[in-house]
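Sequence lines, in order, name chains L and V. The first sequence: position 164 = 163 (numbering that gives the first Met the number 0), numbered continuously. The second sequence: position 11 = 10 (numbering that gives the first Met the number 0), numbered continuously. To start, the structure itself, in structure tokens.
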Amino acid sequence: MGKHRMSQMRRYTVNPNTHAPFRWPDCRAWGTLLVVVLCAPLGCGYFSSDPPKTGKPAGQGAPSTAAIPREKIFEDWPTPKLALVFTGEQVGYIEPCGCAGLENQKGGLARRHTLLEDLQGRDWPVIPLELGGQIRRYGPQAEIKFQIAVEALRTMQYQAVGLGPGDLRLPTGELVSAVVNLADQQQQSRFVAANVGIYDLDSGLMPKYRILETPAGKIGVTAILGEEFRAEVSNEEIVTAPAAEALKEIAPLLREQCQWCILLSHATREESRTLASEFPQFDFVVTAQGAPEPPAEAVRVARADNPRGDTLLLEVGHKGSHAAVIGLYDDAPAWRYQRVPLDSRFKDSEAMLQLMVAYQDQLRGEGFEGLQLRPLVHPIADDAEDPRGRFVGAKKCGECHKKAYEKWAASPHHHATDTLLNVKPTPRHFDPECLSCHVTGWDAQAYLPYVGGYEGLDETPHLMGNGCENCHGPGASHAEAEEARGARRNLALLEQFRSEMRRTRATIEEQTCTKCHDLDNSPQFDFSTYWPKIAHPWKD
Amino acid sequence: MEPLKSHPLARRKPSMKIWTVVAASLAGGVMVGVSSAYWQYQQPPIEGLSEDESVVQDDGRLLVPPPLAPAGSPQPVASVPEDIYNFGEMRRGETGGHEFVITNKGRGDLELKLGSTSCKCTLSGLDNDRLAPGESANVRLTWEVKGKERAFEQSAKIMTNDPQRRLIVLRVRGQVVNPLQYQPEQLTFSQSSREAKTYEVTLYAKELDDLQITQSELEPDNSAEFIEIAVEPLSVAQQKFLGIRSALVVKVTAKPGLPAGQFEQTMTLHTNDPETPILRVPIRGTITGDVTLHPAGGRWKRVPGGADDELIGQWNWGEFRSGKAVSRRLMMHVRGPHREGITARLVSISPDFLEVTLGEPKPLGQQGSVTQIPLEITVPADAPSSANFGGPPQGEVSRIVLETDHPQAKRIEVQIQFVLIP
């Protein structure tokens, strides 16, 4: 709009068809001009001032030197005829984990939606396309998350969506529900698969390709599952074929009908590169298994005798952390490329936040039973009945280990569960993927409770917080042995249980902290910095 | 004498006309400023974005690069002969390390500062993070191969005071290999409780001539009577083709009779490979009846109770605004011997303002292994604006009842929960 107004203004001021006789402007005009000139910087300031940065002001603990010149996004991009936004390999990360501060994390559907809305707000025609790979794990929570992710793609108006190996591990019924949900007005699914079919390659539940009518002409999109991932499909009702075989028919057909051809290649980088060489009909090949962050410049795969030049091999980063955007133009260059890190500079979209609320509501509705969380026997216990696997809660530990308890109580570990209760836009204390590091008595990596571990705020209030027993192991037998008096006091057992609770700095560093403080959730974790905050070398 | 007030310069108060001119000028000035800046930038910045990524670090601290040397003074030049290194193959759990070299080929001191990293990264050979002209520093990246990815990549960002290269990104890439691999990593059962199906896992040994499975077990073992595990060698020709030393195919057969519902077990395989003596293969899936219902984007929640030949389930649509029609589809899939020639008919719809269309049966899959019958349900635009079918305690649920000639699903009741917001 602004640009359009500007063009009109130019036409009025520099109109070659106007032949009015020249005369000096009068005083009123000069005055006006003077005010205009003096006020112009006010307006300039609006656009040239730096947008607010995230995090604390630079003055707080940061030197006064200028920051690294930042890689500008869409710098010098004229309005494209069409912007293609590629995403993929979200593998369950529908939102960045907030454990270590959201400003440190990239990705999430809420930021992705904001990117799309911002581009549309510039009056850019936008087509989002998804490589696939919504989920990684399996079971009811993964199924709910998959449906939520597909609903998000529907809301964001994705026009073609591929499938990844995690998606294809889902029960057939879940896939059918998703495929039907993501249908266009003609009831054709926007899930696309050239070499994957539900029940049969030609069952018609998913089209083999889509042709999109856009301001940049017809865009042909198809998707394949690479050879390594095909071997991962063990569901007999999911039928696959070699990718190259499927593309032999589809690639020429798309080339014949479309201005631009796109292959969503859920394959290794090497296989995608081979397919790009083998099928030069595709202008853009989007690959899976790329680098954690896509390259700053798109990789070219040589394509001889093509007026548009080489095929571009695009990556989308890991865990939905980035988007890759291609702008299409009539004039040379015919395309521009931009990787976009979905970091905290993008605000959360309200629509996606509401979906996250719906997701948490569904988890709450299912409960641990509905989510089929079968409690694990703690490694120290022989079986589910073994008392050595029972938890007592930090307060009980604090009855004897007073100084250690005080230190723990003053640490963030103490209010780890409260953190989940206060997360916006909705609490997360029904989400096993969050609970596993925010309560006592869960296997942090398996997202499952141990027998006798935290069950709920009302059921096990003594196991709130990331308590002593997460590092030291269940303490019931140790506490019981210490409290036994008289004939019940067994010194051998007493020493055995004490010994089982002991931890050294080395074993903690190697085996314990990183189960929660991993790269995903605590990217800046450094043991030597964090350890003094929780170390408690006292017995009392 | 002409009245004083008539002289334009003698006026005590400017006329409305002058104010208008001044206001217009002011507005014009701002507009010109805005427009020129806009013109200069071609596109406005995306709302909420700061200039770029990369400088926000832990606890919101802004990490900044070393300050530039004053203009005109000798400048450093950071030279990195290699910033991407292909490490080749690594096993999962292994720790790798690689050293990159940064040399100052300029005339001023080169300052280096470690930025964000995806692995452990140390700077060595540095005196106060500063390299004199001609000096070199080593940057060592160490990492552990984790996760399930087939490839790994680690990176470290180094900030400098070289005006031409303020940021150096060092990357290590490689492939993850296992001496004993298996595919797929999980078996997904998807079948009716009345049929038998066989699923396969293939084990590949790269460093063992005679791979063997010495024992296999299921955990928990409550479905063991319905599961059969058999092991066969992969043909020698296929082994040669794949370039491996030995391989086995584990065939897992699920026999008829598995109870309907979610299926979750772990198959533990004991091998003669000293490095991987135990492999655990998860088996997941859904065992269904012959008739299944798949609501678009939702979950079919079976309501307990009902007769053996009844299917009753809930589908939650949530809340939505009235005044606009909302349609959703549900697919009925029929497997087993009664799929051919199955018929279904609508019996009742409550509330009666719901519009329901039952589609024609259509065979899917090879030899029509599944018959699909679509059901389209619409809450019309003129539905009562405060209709509440959210279920107890607030309201009733809507009910669509079908009848089929399938012996396991003579009556199907689809309960839809929805609430209209005026």
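All C-beta atoms in this analysis are idealised placements derived from N, C-alpha and C, irrespective of residue type, glycine included.
So with Cβ pairs under 8 angstroms, would you call residue i a contact of chain L?
i: Ser368/V; result: yes
i: Met330/V; result: yes
i: Ala195/V; result: no
i: Pro183/V; result: yes
i: His97/V; result: no
i: His337/V; result: no
i: Gly390/V; result: no
i: Tyr198/V; result: yes
i: Ala408/V; result: no
i: Glu152/V; result: yes
i: Leu169/V; result: no
i: Gly288/V; result: no
With H, G and I counted as helix, E and B as strand and the rest as coil, what does DSSP make of residue i?
i: Gly87/V; result: strand
i: Asp360/L; result: helix
i: Asn103/V; result: strand
i: Ala324/V; result: coil
i: Cys436/L; result: helix
i: Glu426/V; result: No statement about residue 426/V is possible, as the shown extent of chain V runs from 0 to 421 and does not include it.
i: Cys26/L; result: Confidence at Cys26/L is low in this model, with a pLDDT of 42, below 50, so its placement is unreliable and the value that follows should be read with caution. It is helical.
i: Asp75/L; result: coil
i: Leu262/L; result: strand
i: Phe341/L; result: With the sequence shown as reference, residue 341/L is identified as Leu, and Phe is not the correct amino acid for it. Three-state result, Leu341/L: coil.
i: Trp537/L; result: coil
i: Cys467/L; result: helix
i: Gly366/L; result: helix
i: Pro96/V; result: A small fix is needed here, since residue 96/V is Gly in this sequence, not Pro. Gly96/V falls in the strand class under three-state DSSP.
i: Ser348/L; result: coil
i: Ser78/V; result: strand
i: Phe496/L; result: helix
i: Pro460/L; result: helix
What residue range does the alpha helix (DSSP H) around residue i cover?
i: Val179/L; result: 171–180
i: Val235/V; result: 235–241
i: Thr141/V; result: That residue, Thr141/V, is in no alpha helix (DSSP H); its beta strand (DSSP E) goes 135–143.
For a quick check, are the C-beta atoms of residue i and residue j less than 8 angstroms apart?
i: Leu310/V; j: Asp272/V; result: no
i: Gln158/L; j: Ala177/L; result: no
i: Leu341/L; j: His321/L; result: yes
i: Tyr92/L; j: Gly319/L; result: yes
i: Leu313/L; j: Val285/L; result: yes
i: Trp299/V; j: Trp314/V; result: yes
i: Arg209/L; j: Val195/L; result: no
i: Asp108/V; j: Ala131/V; result: yes
Kindly indicate if chain V contains any beta-carbon less than 8 angstroms away from that of residue i.
i: Asn520/L; result: no
i: Asn305/L; result: no
i: Cys26/L; result: No answer about Cys26/L holds up, because its pLDDT of 42 lies below 50 and its placement is not dependable.
i: Gly472/L; result: no
i: Thr273/L; result: no
i: Arg168/L; result: yes
i: Tyr358/L; result: no
i: Pro291/L; result: yes
i: Ser264/L; result: no
i: Thr171/L; result: yes
i: Asn234/L; result: yes
i: Gly138/L; result: yes
i: Asp442/L; result: no
i: Tyr198/L; result: yes
i: Glu150/L; result: yes
So residue i is in the beta strand (DSSP E); what residue range does that whole segment cover?
i: Ser215/V; result: 212–218
i: Phe278/L; result: Segment: none, Phe278/L is in no beta strand (DSSP E) and carries neither H nor E.
i: Ser349/V; result: 343–349
i: Ser483/V; result: Because chain V here runs from 0 to 421, residue 483/V falls outside it and cannot be looked at.
Please give the ranges of any beta strand (DSSP E) in the segment 110–198 of chain L, keeping only runs that are unbroken, at least 3 residues long and fully inside the region.
125–129, 195–197
Taking the runs of the alpha helix (DSSP H) that are 4 residues or longer, which of them lie wholly in the segment 203–247 of chain L?
226–229
Would you list, in sequence order, the uninterrupted beta strand (DSSP E) runs of no fewer than 3 residues that lie entirely inside the segment 231–319 of chain V?
245–253, 260–270, 277–287, 290–294
Pick out the complete beta strand (DSSP E) segments inside the segment 377–413 of chain V, 3 residues or longer, and give them in chain order.
397–403
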